[in-house]
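Read the structure below first, then the notes.
Numbering (our numbering), first residue to last: 56 to 785.
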């Protein structure tokens, strides 16, 4: 071979090896990383910092901020509680109120109320309004939404979480997050993961199967990352399989970073960090705290600097964490842009957004004698009874508390609506005899005979009696669970006494978690679930009771007859033993348990009545046999046959006829809320990607869809299926 041919051959070989090397060093993932927005700016800033400056950004420098680096133009990063409204200002280094006069916010309906609307558009509107209020108040990160699944009726934080069902929770949290972040504020989805009880929350070790983890407890977090592109995630207090969540490699690295490709910031819950090296190596980015004496004592402060110097934590890990924070700062226009949203708060538009959620969240549980709606032209007097008729709920619940500029109570709402046309006889009915002291509930359930007798007298003297019962933030609260489902303050005695005095008695429950109604449910013909419903809650409930609009809310959780009917309690697996809890009900959470075990609830998941009537007809599926990558389309006609305009939520559940693994009898897979004027008819479609019928295979760690027969069940509650169509998966 001559010299020129040898040169050509060597050149070709070099080109081949260069190409192979380029491809090896520039896999699609790596190329994507190189294209990561703002990466060059981030690299430049990080390279300009000392180790001490980097670490100063990774821990709290006040109750709700980290340290900025002034010489590089990096401001401190300001966080705020606020899943239902931006928290009032507190002192920089204590939890005491700052005493400002301009730090009020719009109070939005709590998480369960939002989910009860079954309307993702309202979740988007709520997120947008919250984002605007956060910006106007100078906040960079809003600590919400909470998406943990309701496992027990006793969980103190059920009110701020959304549902017992992952599909409903996902459908509501994704637009909420998108709404917040559209206003240049980072949302923070919480609490990752398995924070399903407040009892022993800082020490409890959760054991759960891989299938239940992936099918029940992780889907909302996954969607928050992959669909909503949430900027931050808060690690939970509890342990998972023996390791604290804020240093849990499986949760924070293997799943969150590697599986879901999360590029944002992992923030600890306050005082939820337990180590320096493990937390640093396993995925925590920012340590926030409550009671640490000095910010220098944080695990991610001087101890982290020392760990880097000792070679226990590579400095590149610190660089990565700082880079994650800076990336979110760029994405929310704290850095690199001059057109960041300015925001606004307490605007008419925000009150309207809160009102819309309150309006659509109200659930008509029962109306057997058509007491509702009340025709104000046919009555001369109404008794308004109950402490919750006048109680404001905005400031309770600890981290969910809001210093609301306005909160309309039910009594105020009714007075505003009726004016002087109807005499209102108010009686408190029962006394709030409880208080919270450092997450300890102190209560006295002694019956107040004077208040009871006054309420009975008011009921006897009135055409209609409305009792505003339920819970308050001494029971629906962060930090402690309820001890039982019983109504506090002897309210069951009050309800029965008033109903005996006046057969036209209506009970409205204000609560974010189930209560026991078994002692009086048969004696009350009209019951309403009114939630902890925000600044305009009283306006909405008054209008619903007196027929200004027809209720359209649906329960986002099951109301059991008795506590022991619920799975965690039926199996005696709550709250655990020796600070360890095993989720022995596995996949059978909420209605999945009730339907599979044929246990009748008092009111089912998805239940909610209306003042009008809907007719469903012509339920069809576009075809009967599907490949795994196809989408089934269920079509149906729905008509409003009544005199009220209204809305119905059509729910699609799936039943696997024969499976190689245990599956719940039915599972929610899709839903659609349909608004119809009186006598209006529409054709709607529900889409179901066939792959959503898969189950998680714990052995292969993949989602698996077995060929075979499925039944698609169409209804308006989990226990009210009015049509079934059969499909087959090839």
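For each residue, glycine too, the CB sits at the ideal point set by N, CA and C.
Taking the Cβ atom as the reference point for each residue, do residue 246 and residue 303 lie within a distance shorter than 9 angstroms? One-based indexing of the chain shown puts residue 246 at position 191. One-based indexing of the chain shown puts residue 303 at position 248. No, they are not a contact pair.
Any chain B beta carbon closer than 9 angstroms to residue 569: Of the chains in the structure shown, none is chain B; there is only one protein chain.
Determine the direct distance from the alpha carbon of residue 751 to that of residue 716, and round the result to whole angstroms. What you label residue 716 is simply residue 661 of the chain shown in a count that begins at 1. What you label residue 751 is simply residue 696 of the chain shown in a count that begins at 1. If you take the alpha carbons of residue 716 and residue 751, they lie about 10 angstroms apart.
May I ask you to list the residues that DSSP assigns as paired with residue 287? One-based indexing of the chain shown puts residue 287 at position 232. Per DSSP, 243, 320.
Exposed or buried, residue 755, counting other C-beta atoms within 10 Å across all chains shown (16 or more means buried)? Along the chain shown, read from residue 1 onward, the residue named residue 755 stands at position 700. Its Cβ having fewer than 16 others within 10 Å, residue 755 is exposed.
Who are the near neighbours of residue 619 in its chain, counting only those whose CB is closer than 8 angstroms to its CB and skipping five residues on each side? Position 564 of the chain shown holds residue 619. Excluding sequence neighbours, residue 619 sits near 625.
Assess contact between the stretch 340-349 and the stretch 325-332, defined as three or more Cβ pairs (one per stretch) separated by less than 8 angstroms. Is contact present? yes
Classification of residue 371 by the beta-carbon crowding that lies within 10 angstroms, buried from 16 upward: For this step, residue 371 is matched to residue 316 along the chain shown. With fewer than 16 other Cβ atoms within 10 Å, it is exposed.
Give me, in chain order, the residues of the same chain whose beta-carbon lies closer than 6 angstroms to that of residue 537; leave out the 5 immediate sequence neighbours on both sides. Translated into the one-based positions of the chain shown, residue 537 becomes position 482. Only 209, 530 meet the Cβ criterion.
Shortest alpha-carbon distance to residue 782 belongs to which of 767, 771, 505? On the chain shown, residue 782 is found 727 positions in, with the first residue counted as 1. That would be 767, whose Cα lies nearest to the Cα of residue 782.
Could you check what DSSP says for residue 775 in three-state terms: helix, strand or coil? Position 720 of the chain shown, counted from the start, is the residue given in the question as residue 775. In the structure shown, residue 775 sits in a strand (DSSP, three-state: E or B).
Comparing C-alpha positions only, which one of 545, 273, 186 sits nearest to residue 220? Here residue 220 refers to the residue found at position 165 of the chain shown. Of the candidates 545, 273, 186, the one whose C-alpha sits nearest the C-alpha of residue 220 is 273.
Option nearest residue 338 by Cα separation, candidates 359, 348, 360, 309: Numbered from 1 along the chain shown, position 283 holds the residue referred to as residue 338. The shortest Cα separation from residue 338 among 359, 348, 360, 309 belongs to 309.
From 596, 603, 541, pick the residue whose C-alpha is nearest to that of residue 574; which is it? By 1-based counting over the chain shown, the position of residue 574 is 519. The option with the nearest alpha carbon to residue 574 is 541.
When the Cα atoms are used, what is the spatial distance from residue 68 to residue 681? Residue numbering aside, residue 68 sits at position 13 when the chain shown is read from its first letter. Residue numbering aside, residue 681 sits at position 626 when the chain shown is read from its first letter. The predicted model places residue 68 with a pLDDT of 35, which falls under 50 and marks its position as unreliable; any figure quoted below should be read in that light. When rounded, the distance between both Cα atoms is 49 angstroms.
To the nearest angstrom, how far is it from the Cα of residue 143 to the Cα of residue 185? What you label residue 143 is simply residue 88 of the chain shown in a count that begins at 1. What you label residue 185 is simply residue 130 of the chain shown in a count that begins at 1. Their Cα atoms are separated by approximately 14 angstroms.
Contact check, residue 178 vs residue 234, beta carbons under 9 angstroms: As a first step, residue 178 is located in the chain shown; it is residue number 123 there, counting from the start. As a first step, residue 234 is located in the chain shown; it is residue number 179 there, counting from the start. It is a contact, given that the beta carbons lie within the stated cut-off.
Look up residue 262 in the DSSP assignment and say whether it is helix, strand or coil. Locating residue 262 in the chain shown gives position 207, where the first residue counts as 1. Looking at residue 262 - three-state DSSP - the assignment turns out to be strand.
Straight-line gap, residue 397 to residue 222 (C-alpha atoms, nearest Å): As a working note, residue 397 is residue 342 in the chain shown. As a working note, residue 222 is residue 167 in the chain shown. Going from the Cα of residue 397 to the Cα of residue 222 covers about 34 angstroms.
Write down every uninterrupted run of the alpha helix (DSSP H) in the stretch 676-732 whose length is 4 residues or greater and which is fully enclosed by it, in chain order. Within the stretch 676-732, no complete alpha helix (DSSP H) run reaches 4 residues.
What first and last residue would you give for the alpha helix (DSSP H) that runs through residue 198? Taking the chain shown and counting its residues from 1, the one referred to as residue 198 is at position 143. Note, residue 198: premise wrong, no alpha helix (DSSP H); beta strand (DSSP E) at 196-198.
Nonlocal neighbours in the same chain, by C-beta distance under 8 angstroms from residue 785, ignoring five residues either side: Taking the chain shown and counting its residues from 1, one reaches residue 785 at position 730. Result list for residue 785: 680, 681, 682, 683, 762, in chain order.
Under 8 angstroms: do the stretch 418-433 and the stretch 589-596 share three or more Cβ pairs, one atom per stretch? no
DSSP-derived helix/strand/coil call for residue 232: To locate residue 232, count along the chain shown from 1; it is residue 177. The answer is helix: DSSP assigns residue 232 an H, G or I state.
How is residue 453 classed by DSSP in three states: helix, strand or coil? Position 398 of the chain shown, counting from 1, holds the residue named residue 453. Helix, per DSSP.
Given residue 759 as reference, the closest of 765, 746, 770 once Cα atoms are compared: As a working mapping, residue 759 is identified with position 704 in the chain shown. Nearest C-alpha to residue 759: 746.
So, does the stretch 600-613 touch the stretch 260-270, judging by three or more C-beta pairs under 8 angstroms? no
Going residue by residue through the stretch 152-222, where are the continuous beta strand (DSSP E) segments of at least 3 residues, counting only ones entirely within it? Counting whole runs of 3 or more residues, the stretch 152-222 contains the beta strand (DSSP E) stretches 196-198.
Euclidean distance between Cα positions of residue 569 and residue 615: The residue labelled residue 569 in the question sits at position 514 within the chain shown. The residue labelled residue 615 in the question sits at position 560 within the chain shown. A straight-line Cα-Cα distance of about 8 angstroms links residue 569 and residue 615.
Within 10 angstroms of the Cβ of residue 483, are there 16 or more other Cβ atoms? Answer buried if so, exposed if not. Residue numbering aside, residue 483 sits at position 428 when the chain shown is read from its first letter. It is buried - the Cβ of residue 483 has at least 16 other Cβ atoms within 10 Å.
Tell me, please, whether the stretch 696-710 touches the stretch 720-734 by the rule of three or more beta-carbon pairs shorter than 8 angstroms. yes
Between 375, 741, 732, which lies nearest to residue 696 when the distance is taken from Cα to Cα? As a first step, residue 696 must be located in the chain shown, where it is residue number 641. It is 732 whose Cα lies nearest to the Cα of residue 696.
Could you tell me how far apart the beta carbons of residue 554 and residue 579 are, in whole angstroms, since I believe they sit closer than 8 angstroms? As a position in the chain shown, residue 554 is number 499, starting the count at 1. As a position in the chain shown, residue 579 is number 524, starting the count at 1. Rounded, the Cβ-Cβ distance is 6 angstroms, consistent with contact.
Closest Cα partner of residue 546 within the set 504, 581, 518: Sequence index remark: in the chain shown, residue 546 carries index 491 (1-based). Residue 546 has its Cα closest to that of 504, out of 504, 581, 518.
State the Cα-Cα distance for the pair residue 628 and residue 634, rounded to the nearest angstrom. Looking up residue 628 in the chain shown gives position 573. Looking up residue 634 in the chain shown gives position 579. C-alpha separation (whole angstroms): 12 angstroms.
Leaving out five residues on either side along the sequence, give the residues of the same chain with a beta carbon under 6 angstroms from the beta carbon of residue 438. Position 383 of the chain shown holds residue 438. Around residue 438: 480, 513, 514, 517, 520.
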